[in-house]
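In the numbering used here, the protein residues as written are 3 to 97.
Yeah, the Cβ is synthetic: ideal placement off N, Cα and C, and Gly gets one too.
Below is one structure; the comments refer to it alone.
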Amino acid sequence: MAAGSARTPEQIRGDLAAEREALGRSVEQLRASISEATDISGKLQANLPVVAAAALGAGFVLAGGIGATMRYLARRGREGDTMAQVGRFTIVDRG
Numbered sequence: 003m004a005a006g007s008a009r010t011p012e013q014i015r016g017d018l019a020a021e022r023e024a025l026g027r028s029v030e031q032l033r034a035s036i037s038e039a040t041d042i043s044g045k046l047q048a049n050l051p052v053v054a055a056a057a058l059g060a061g062f063v064l065a066g067g068i069g070a071t072m073r074y075l076a077r078r079g080r081e082g083d084t085m086a087q088v089g090r091f092t093i094v095d096r097g
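Here it is in structure tokens:
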């Protein structure tokens, strides 16, 4: 150890106290940034119309909405006036 680098115990304690304070500030900054990054409800409230529209569209598609809508529209095009019905048989005027 060189003679010029010798430090007193008070200097070492002061350096340790300064390092503890710096570490404490860093931990607080990290906690604040983590809580800001994980604030999902705030992000959802900011984009609520977009999220609602996406959820509606996803629910429609997952429930088979496109196929059901197309079957409904195609069936309506084939419907006509019922002229007579006997049991399960029907005579339909599609003209």
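Could you name the residues of the same chain whose beta carbon sits closer than 8 Å to that of residue i, not counting the 5 residues immediately before and after it, in chain order?
i: A48; result: none
Give me, in chain order, the residues of the same chain whose beta-carbon lies closer than 7 Å to that of residue i; leave out the 5 immediate sequence neighbours on both sides.
i: E21; result: none
i: V88; result: none
i: R93; result: For the record, residue 93 in the displayed sequence is Ile; it is not Arg. So the list reads M85 and A86, once near-sequence residues are dropped.
Find out if the Cβ-Cβ distance for the pair residue i, residue j is shorter than 8 Å.
i: V53; j: L64; result: no
(request) Can you check the stretch 48–93 for any alpha helix (DSSP H) of at least 4 residues that lies completely inside it and give the ranges in chain order? (result) 50–64 and 67–80
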